[in-house]
Every structure is written in structure tokens, then in C-alpha cells.
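Working notes for the structure below.
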Amino acid sequence: MEIDRAIKGSEDTRLKTKYDNAIYVIQRALALYKFEEVAFSFNGGKDSTVLLHLLRAGYYLHKKKPDGSSGTPKNYDEKFPLRTIYFESPSAFPEINSFTYEAAETYGLQIEVIRLDFKSGLESLIKEKPTAAIFLGTRIGDPNAVGQEQFSPSSPGWPPFMRVNPILDWSYRDVWAFLLTCQVPYCSLYDQGYTSIGSIYDTVPNALLCIDDSSSSKENFKPAYKLIDGRLERAGRAKKCYPSACGDGSVISNGLTGVDSHQTGTLTASIISVGDEILFGTVEDQVGPSLCKKLHSIGWAVSRTAVVRNDIDSVAEEVERQKSSADMVFLFGGVGSLHSDVSMAGIAKAFGVRTAPDEEFEEYLRHLTGDQCTGDRNEMAQLPEGITELLHHEMLPVPLIKCQNVIILSATNVDELDKQWDCLIGSESSSSQLKLMAPFLSKHLSTALADVKIAQFVSQLCLEFPDIRIGCYRKSRMGPQIVSFVGKDHARMELAVKALRQKFHPEAFSDISRG
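The sequence shown begins at 1 in the UniProt record's numbering and counts up by one.
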């Protein structure tokens, strides 16, 4: 079979692994269900075209002699006998319709055309012919892919059947690697700059593929397989601004929302550090204290910090506790591909979702690591499904990750934190909850007065100035007492300081730098 030979002869180890896994899913489905009760939903798009040829190869291998000997399998039909359903729509591109019928003719597809909406069409199909399973070209990242596995029962309220998704974990790169390696035909629209095809009303060529040619009045586009970043596959279908080679591009950015710097409200943040090495005392946490200072500088109050073990349940319990009490949670540590890097799984558990491959993030990792990112399952690209937002910045090789109100930092030291923080506050995203507030002001006084001497009056000050955080601490047990005043209203803070000074003799307190 030419498909199997083409893949086996390829040097793309990632593609080989994806192919083998998809073939396994197909053969498993063909073994589980009666052949006459299995169908293939074909729509003429690139993903569906990939699945068509995977099914052809899978069927060939399924019928192959058990001993693996060469030659054509017994009772093998060159024409593809699997029932194929096509939902023909009046809003489909003519090129899609043409390619679909040409493919049916070329590969002998037993095509059944349905001119109803998807749900009604399935109800009619299953009522007319028993259908236990349907092969679909769904990939992670598709709007309807959330929560799906390679074998997923249909959703409640839909006709009962098993959704079989052999290419669920394939990326945009994987799809084009397969089509080009196997040298199979695909819809001509993909050679005209279309990267994801919907209806004629919501699909245009991807502006990222536009060829800048001032000598021509007509826009020309590179073919779809020339798109470098698969994360921008749907740029021609979403109502968003993306960088364009055909004109001034807008910067894709996420992070902090622009706000009035004089805003006086206060939001709360909590910080979770994940690492056995901190709890063992092997490593001193410097990222947490530095992050507290940075949050303080933009007017956020840190309500809690915690250090937890490299354990999924420990992370999940702490995230669950903090995400409901703080406006934003910052988590660092436990991010990576090692067995101890459990933060993503813990966050997913706290939100009650699974982890799944994030194609956009995987593309970033692939560009960063090159050939090292060739395995079937890149653990670092397994992110909490349905709640993950990537926070982009041109200075970051890989975006930061935000899951609802939890921001995950990959920093392992203060220098890395400084860079990530600068990128975070230098970006803007209307969907981010992190806002620039009026910064906290602080004043620190040192005194040799005994604790019992000042305790009662300081307690009284706290009642009189509830908007000012007044605290006392020592750097050493025998050292001076330090009284700190932290707030956002400079005048109110000075009044509190003045009241303390006036209560005791003028030389009792001296100003010190923050510390």
C-alpha cells in the first residue's frame, strides 16, 4: 500500500509515531465494531483528507495476512469499501464539493450525501442504517474537541454512536507532513492561502501567507503548508488581528490590562511554590519573595504564600484553596517534562479538567527545541484543557500560561523572574484579570523602645487607620523594633506616622530605609 510505504520510508520520526498510533486506533475500531456499522465522515478538508488515507492504510493492514507476509491481502478491494458520509452544505466552497466528489470517484468511496444539519443528518442516518461508530477528523484545538478522547461516546442529546478520533493529537505540522510525504491530492483552496476552511461566509485566505508584491494589484498567497506557526491555522476564520506580511501588523499580546495608574483599589494575590528541594532546605526560595515585592509595586496585596511538595494532590489542594480566595494566583516550580514536574496535572485536577496536548504551545516548543521535540507525547505541551490561555510577548521564546485566575511562571531564579515579569506587565490583554493598581507606599521607623511600651498605642493606631497596614518586626531578637506603615494614601500614612511620633518623645523613632 503506497501510504504505508511512504510513511515507513520517511525520516520524520514524529510523523511515523503519529501514523502508527492513528493506525492502531483505526484497527482497534475495525476489530471492535461490525464493518457494516462503521462510517467515515468526510468533508473534503485537509484533516478529513488525512483521515481518508489513514483509513485506507488501516483497512489494508487490517485485512493483511496475520503472518505479515508480503503481497495483497486476501479479499482486499482496491476500492475503499467503508461507508462514507458527506454533509453537503449550500454555504460550502465549490472547490470543497468538487474535491469531495473527485476523491469519492478516485478511491471508490461509498459516499452517502446528507443535506441536513449535522445533528439531524446523524439522526436520519442512524435511524435508516445501524451505525455504531463514526471516524472523525477532529484534532485538539478544534472548537468541538474539548473533552474528547480517541474513543468518545456522542454527547447527551445526540444520536448514540462512538466518535473515533484517530488524529486527535495531530498538529497542523503533522497534517501537512503527512499529505506532502504521501503526495496525495488535497483541495485546491489550500494552495491559495486558505489554512482552515469553514463556509464561504466566514473563511478567507490567511493573511500571514500573503505575498507582498507591489507590482500586482491582486493579492497572492503562499500555499497553506508554508505557514510556519500552526497555532495561527485559524487566522483566516477568527475575527482577530494578526501580523500580516501584506501591511502593518498588530502585535499579539496578552498579560496586564492597561489601567489608570491612580486607581486606589486593592486586589489580592497568592503565591504557590512547588518544590521538594525547598521543603528539604536544599534550595532557598528567592523567586517567591521577589514576586511579593513586584506585586506590591503594582498595588497588589499578597494574601498568602505556600510551598508544596512535588505531588499532584498537594498542588491540586493548594490551588483549589487559593483560586477561590485570591483574585490571582501565581505558581512556579514543577513545570517541565520530568516525573517531578506535576504542576500542570495538579492545576488541571483543581479545576476538574484533564490535561491535553495544546497545539499552539507545542508549536512554540518545537521551534525552541527543534529535533528534540519529536516524540509522540511532549509532556510539556500537556496543558489543562479548556481553561488555558497563552500570554504572549515578543521577548519570550515560549508564552506564559494562564488557567483562569492562575498564572504559571517558569522562572527558577530572580533574573528569569525579572524577564518574565517585565514581559507580563509590558503586555496587554482584555481577558486578563491582572491590573495595574496604584502602588503601595511604605515608611519604616526604628525604635529602641520596649515592645510593651508601644504595643497598646500601636494597636490603637491600627483601629484609627484601618486603611494603613501597621506592623512590627525585628531583624534580630536583640536588635531595634521596626514599625512599618504600608498604604496607598500618602497623606493618611503620614498622619499615622505623626501620631506615633507625637505619642512618644521626638528622638524615640528614626526613619530607616525599607528593610
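Here a beta-carbon is modelled for each residue, glycine too, at the ideal position from N, C-alpha and C. All values reported here derive from a predicted model rather than from experimental measurement.
* Candidates Tyr60, Gln420, Phe457, Ile23: closest to Ser290 by CA position -> Gln420
* Quickly, what does DSSP pair Tyr473 with across the bridge? List them, please. => The partner list for Tyr473 (beta bridge, DSSP) reads Ile482.
* With Cys187 and Ile96 assumed to form a contact (beta carbons below 8 Å), what rounded beta-carbon distance in angstroms separates them? -> 6 Å
* Limits of the beta strand (DSSP E) - the one that Arg5 falls within -> No beta strand (DSSP E) contains Arg5, which is instead part of the alpha helix (DSSP H) from 2-8.
* Asked: Secondary structure at Ala448, three-state DSSP: helix, strand or coil?
  -> Ala448 falls in the coil class under three-state DSSP.
* To the nearest angstrom, how far is it from the Cα of Asp467 to the Cα of Met493? -> 9 Å
* Asked: Just to confirm, are Leu168 and Thr195 a CB contact at a threshold of 9 Å?
  -> no
* Would you mind sorting Glu11 into buried or exposed? The rule is 16 or more other CB atoms within 10 Å of its CB. => Answer is exposed; the Cβ neighbour count stays below 16.
* Option in Phe161, Leu136, Ile278, Val329 with minimal Cα separation from Ser303 -> Val329
* Hey, how far is the Cα of Glu362 from the Cα of Ser216? -> If you take the alpha carbons of Glu362 and Ser216, they lie about 37 Å apart.
* Cβ neighbours of Tyr19 in the same chain (closer than 6 Å, five flanking residues each side left out) -> Ile7
* Within 10 angstroms of its Cβ, does Leu409 collect 16 or more other Cβ (buried), or is it exposed? -> It is buried - the Cβ of Leu409 has at least 16 other Cβ atoms within 10 Å.
* Would you mind stating whether Glu317 and Asp341 have Cβ atoms separated by less than 9 Å? => no
* Asked: Roughly how many angstroms lie between the CA atoms of Leu267 and Cys292, to the nearest whole one?
  -> 13 Å
* To do: Find the nearest neighbour of Ser91 within the set Gly230, Arg115, Ile271, Glu507, judged by alpha-carbon distance.
  => Arg115
* Residues in its own chain within less than 6 Å of Thr412 by CB, not counting five upstream and five downstream? -> Exclusion of the five residues before and after Thr412 leaves no residue of its chain whose Cβ lies closer than 6 Å to its Cβ.
* Nearest-angstrom Cα distance between Val406 and His490? -> Each residue's alpha carbon lies about 31 Å from the other.
* Could you tell me which of Thr13, Leu125, Ile197 sits nearest to Glu112, measuring between CA atoms? => Leu125
* Just the Cα atoms here: how many angstroms apart are Val25 and Val164? -> 8 Å
* Simplified DSSP state of Lys443, which is helix, strand or coil -> Three-state DSSP puts Lys443 in a strand.
* To do: Please list the segments of the beta strand (DSSP E) lying wholly inside the segment 42-67, counting only runs of 3 or more residues, in order along the chain.
  => Scanning the segment 42-67 for uninterrupted beta strand (DSSP E) segments of 3 residues or longer gives nothing; none is fully contained.
* Curious, which full-length alpha helix (DSSP H) runs of at least 4 residues does the segment 346-432 contain? -> 359-369, 414-425
* **Range of the contiguous beta strand (DSSP E) that encloses Val302** => 300-308
* Asked: When the Cα of Leu445 is compared with those of Glu233, Asp327, Gly471, Asp4, which residue comes out closest?
  -> Gly471
* Between the Cα of Met478 and the Cα atoms of Ala508, Tyr59, Val335, Thr447, which residue gives the shortest distance? -> Thr447
* Can the beta-carbon of Leu208 be found less than 9 Å from the beta-carbon of Leu180? -> no
* Asked: Any idea if Asn43 is buried or exposed, counting beta-carbon neighbours within 10 angstroms, 16 or more meaning buried?
  -> buried
* Asked: Does DSSP put Arg231 in a helix, in a strand, or in coil?
  -> helix
* Asked: Is it the case that the Cβ atoms of Pro166 and Gln148 are separated by a distance below 9 Å?
  -> no
* Nearest residue (CA-CA) to Ala133, options Ile298, Leu82, Ser199, Val274 -> Leu82
* Residue closest to Phe504, alpha-carbon to alpha-carbon, out of Glu464, Lys453, Arg469 -> Lys453
* Quickly, what does DSSP pair Ala133 with across the bridge? List them, please. => Val38, Met162
* Asked: Is it a yes or a no for the segment 130-146 touching the segment 99-109, going by three-plus beta-carbon pairs under 8 Å?
  -> no
* To do: Starting from the C-beta of Lys294, find all residues in its chain whose C-beta is less than 6 Å away, skip the five residues before and the five after it, and write them out in chain order.
  => For Lys294, where only same-chain residues beyond five positions count, the Cβ hits under 6 Å are Trp421.
* Could you tell me which residues DSSP pairs with Met328 in its beta bridges? => Answer is Ala269.
* Is Ile140 near Pro357, with beta carbons less than 9 Å apart? -> yes
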